[in-house]
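*Asks:* From first to last, the protein sequence lines are chains L and V. Taking our numbering, I'd label the letters of the first sequence as residues 19 to 241. Taking our numbering, I'd label the letters of the second sequence as residues 415 to 658. We put the beta carbon where it would ideally sit given N, CA and C, even for glycine. Note that this is a predicted model, so its numbers are computed, not measured.
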Amino acid sequence: MYKVVVPGDFLSEEANRAGEGTYVDDGKVYAMKYGIMDDKEEIKVVGLAGKYVPLKGDIVIGKIVEISFPYWIVDIASPYEARLHTSELTKGEERRIEFGSMNRYLDLGDLIVAKVLNVDAMMRVDLTLKDEFKIGGRGRLIEISHTKVPRVIGRSGSMIKMLKEKCNCFIFIAKNGRIWIKGSDDEMNLAFQVVLMIASEAHTSGLTDRVADFLDSFKKRRG
Amino acid sequence: MMKEEIQLIKEGKRLDGRGFEELRPIKIEVGVLKRADGSCYFELGNNKVIAAVYGPREMHPRHFQDAKMAVIKYRYNMAPFSVDDRKRPGPDRRSVEISKVSREALDPVILKEYYPKTAIDVYVEVLQSDAGTRTAGINAASVALAAAGIPMKDLVSSVAVGKIDGEVVLDLNAAEDNHGEGDMPVAMVARTNTITMLQLDGRFSHEEFERGLKLAVSACRTIYELQRTALLERYSESVGEGEA
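#1: Assign Ala658/V to one of three DSSP states: helix, strand, or coil.
#2: Note down, in chain order, each residue of its chain lying with its Cβ closer than 8 Å to the Cβ of Glu106/L, except the 5 sequence neighbours on either side.
#3: Is Leu429/V helix, strand or coil when you go by DSSP?
#4: Take Asn186/L and list the residues in its own chain whose beta-carbon comes closer than 8 Å to its own, dropping the five residues that flank it on each side.
#5: Using a Cβ-Cβ distance under 8 Å, would Arg605/V count as near chain L?
#6: Applying a beta-carbon distance threshold of less than 7 Å, which residues of chain V neighbour Leu66/L?
#7: Taking only beta-carbon atoms, is Glu657/V less than 8 Å away from chain L?
#8: Could you name the residues of chain V that Met50/L contacts, counting a contact when the two beta carbons are closer than 8 Å?
#9: When the cut-off is 8 Å and only beta carbons count, does Lys531/V lie next to chain L?
#10: May I ask you to verify whether the region 37-55 of chain L touches the region 74-87 of chain L, counting CB pairs closer than 8 Å and requiring at least 3?
#11: Which of the three DSSP states, helix, strand or coil, is assigned to Ser86/L?
#12: Smallest Cα separation from Arg625/V: which of Gln421/V, Phe434/V and Lys424/V?
#13: For a contact meaning CB atoms closer than 9 Å, what does Asp430/V contact in chain L?
#14: Identify which residue in Ala230/L, Glu32/L and Ala49/L has its Cα closest to the Cα of Glu183/L.
#15: Closest by CA to Pro565/V, which one among Asp597/V, Tyr528/V and Val538/V?
#16: Please state if the CB of Ile160/L and the CB of Ile197/L are separated by a distance shorter than 8 Å.
#17: Secondary structure at Thr608/V, three-state DSSP: helix, strand or coil?
#18: So with CB distances below 7 Å, who are the chain V contacts of Tyr41/L?
#19: Please report the Cβ distance between Met598/V and Ser572/V, rounded to the nearest whole angstrom; I am assuming they are in contact, meaning their Cβ atoms lie under 8 Å.
#20: I want to verify the contact list: residues of chain V whose CB lies under 7 Å from the CB of Gly26/L, in sequence order.
Right, dumping it as structure tokens:
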């Protein structure tokens with residue numbers, strides 16, 4: 019069902035259907051990445067590994083790594099760092115954040131949920147905040163490859179829906195491969211385990227059913 | 415170097431029993447290093463090399479960044495225990511040169527424009543050496559790069575040919591390299607027949623060169639198939655149980 023391809027593999031003669039993860043040479047389509055071929059309207063190759071590159075509009079989980087007035091520098095699990103302007107925290111307000119008081123709002127190591135506002139040609143990444151942006155407290159952060167994110171979500175959200183129901187956890191998945199889980203300790207551990215399982219078997223078919231079986235057998239064992 | 419005469423070909427066979435156009439046994443394993451973004455273990459006869467790829471990641475120092483594309487850094491390094499007499503650790507003239515030509519052998523297939531301002535680090539460690547380590551290193555690095563999800567046009571395959579007792583032969587081992595008359599490592603893109611590295615040490619006649627190159631090209635095709643199979647197998651086995 020899934021066809022794994024390596025860079026340079028011939029995919030098709032129809033150059034007009036060449037999509038992401040492919041390139042056209044001499045009117046033929048070849049794979050540009052080591053990944054899984056997706057042959058629908060477009061011929062695409064979805065990578066099995068690789069680093070996250072921010073795209074405008076993506077929702078990401080970031081970690082504050084540096085304060086450099088008037089920006090927070092945010093690590094977004096990517097080769098590119100992002101920045102968040104102080105005005106993002108005081109949108110629609112009179113007050114301004116003064117130099118030297120930035121750490122009172124967001125300090126080093128804090129986690130935020132943000133949207134990629136813009137990525138310029140120099141790969142400078144600007145973030146903007148949503149209403150509920152700070153995450154923390156009793157929860158766990160998992161980091162997986164961003165290429166596995168669609169699998170954790172599942173087809174039209176089937177996998178994540180099941181996870182949330184069966185683990186009884188709050189789960190938030192960001193585009194950059196970071197996942198925030200909140201729930202009781204036991205349930206969090208279970209969700210953590212299952213997410214790692216999905217990530218390590220992301221390339222296999224019938225995964226949703228196997229995850230369902232796993233969750234059911236786990237529940238049974240505990241009674 | 416002392417040059418004693420050694421008969422390298424006996425009754426139409428080489429010292430290790432191979433024919434003239436025969437490769438040493440090859441073993442490829444993908445994803446051997448857990449913390450690298452991509453890795454590959456490669457054996458070519460008694461050569462044992464391991465390649466690790468990290469990145470694309472932020473380039474440091476900053477002034478080495480390229481605003482338009484990723485920068486490839488390649489380090490070929492021999493372990494002190496990889497040869498008979500202990501090799502003094504650290505970079506030397508030879509390994510710096512090999513790092514440079516190997517990087518340039520891989521450079522043309524990597525689509526660097528996708529990751530501007532970043533660095534892609536390739537580390538090749540030679541654990542055991544028996545002539546032909548640079549070609550083994552390029553083969554390993556090429557697979558490791560693909561495994562790391564780096565966008566590239568093709569895989570690069572590499573092999574050496576040489577001349578012993580007046581005969582052009584494929585894939586020299588250490589004895590043949592030391593006592594033979596020439597050594598020619600070749601790296602190429604097997605599918606498009608593009609040569610990305612070609613070195614020659616020794617003296618070849620025009621005909622010998624052509625024959626050697628032909629041998630190398632067909633051997634590279636064989637190696638390419640092995641590289642490709644190694645990558646495909648990694649994701650075809652485990653459809654059943656998880657590998658935790």
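*Replies:* Let's see:
#1: For the purposes of this step, residue 658/V is taken as the residue at position 244 of the second sequence. With a pLDDT of only 32 at Ala658/V, under the threshold of 50, the placement of this residue in the model should not be trusted; the figure read from the coordinates follows. In the three-state reduction of the DSSP assignment, Ala658/V falls in the coil class, being assigned neither a helical nor a strand state.
#2: Working through the first sequence from its first residue, we reach residue 106/L at position 88. Excluding sequence neighbours, Glu106/L sits near Leu145, Thr146 and Leu147.
#3: Counted from its first residue, the second sequence places residue 429/V at position 15. In the structure shown, Leu429/V sits in coil (DSSP, three-state: anything other than H, G, I, E or B).
#4: Residue mapping note: residue 186/L aligns to position 168 of the first sequence, counting from 1. Shown here for Asn186/L: same chain residues with a beta carbon closer than 8 Å to its own, the five before and five after excluded, namely Gly201, Ser202 and Glu205 in chain order.
#5: Locating residue 605/V in the second sequence gives position 191, counting from the first residue. With respect to chain L, the C-beta atom of Arg605/V has a partner C-beta closer than 8 Å.
#6: The residue given as residue 66/L occupies position 48 in the first sequence. Those are Gly563 and Tyr649, listed as they occur along chain V.
#7: Working through the second sequence from its first residue, we reach residue 657/V at position 243. Legend: pLDDT at Glu657/V = 36, less than 50; position of this residue unreliable, no value from coordinates given.
#8: One-based indexing of the first sequence puts residue 50/L at position 32. Going along chain V in sequence order, the residues near Met50/L (Cβ under 8 Å) are Leu525, Pro565, Met566 and Lys567.
#9: By one-based count along the second sequence, residue 531/V stands at place 117. It does; some Cβ of chain L falls within 8 Å.
#10: Result no; under three Cβ-Cβ pairs closer than 8 Å.
#11: Within the first sequence, the letter at position 68 stands for residue 86/L. In the structure shown, the three-state DSSP call for Ser86/L is strand.
#12: On the second sequence, residue 625/V is found 211 positions in, with the first residue counted as 1. Shortest Cα-Cα distance from Arg625/V to any of Gln421/V, Phe434/V and Lys424/V involves Phe434/V.
#13: For the purposes of this step, residue 430/V is identified with residue 16 of the second sequence, where counting begins at 1. Close to Asp430/V, with beta-carbon spacing below 9 Å, lies no residue of chain L; the smallest spacing is near 31 Å.
#14: Numbered from its first residue, the first sequence carries residue 183/L at position 165. That would be Ala230/L, whose Cα lies nearest to the Cα of Glu183/L.
#15: By one-based count along the second sequence, residue 565/V stands at place 151. Cα-wise, what sits closest to Pro565/V is Tyr528/V.
#16: Here residue 197/L corresponds to residue number 179 of the first sequence, with the count starting at 1. Here residue 160/L corresponds to residue number 142 of the first sequence, with the count starting at 1. Yes, they are a contact pair.
#17: One-based indexing of the second sequence puts residue 608/V at position 194. In the structure shown, Thr608/V falls within a strand segment according to DSSP collapsed to helix, strand and coil.
#18: Within the first sequence, the letter at position 23 stands for residue 41/L. Ordered by position in chain V, the residues that pass the 7 Å Cβ test against Tyr41/L are Lys567.
#19: To locate residue 598/V, count along the second sequence from 1; it is residue 184. To locate residue 572/V, count along the second sequence from 1; it is residue 158. The distance from the Cβ of Met598/V to that of Ser572/V is about 11 Å, inconsistent with a contact at the 8 Å cut-off.
#20: Along the first sequence, one-based indexing puts residue 26/L at 8. One finds Lys567, Asp568, Leu569 and Arg605 in chain V with Cβ atoms closer than 7 Å to the Cβ of Gly26/L, taken in chain order.
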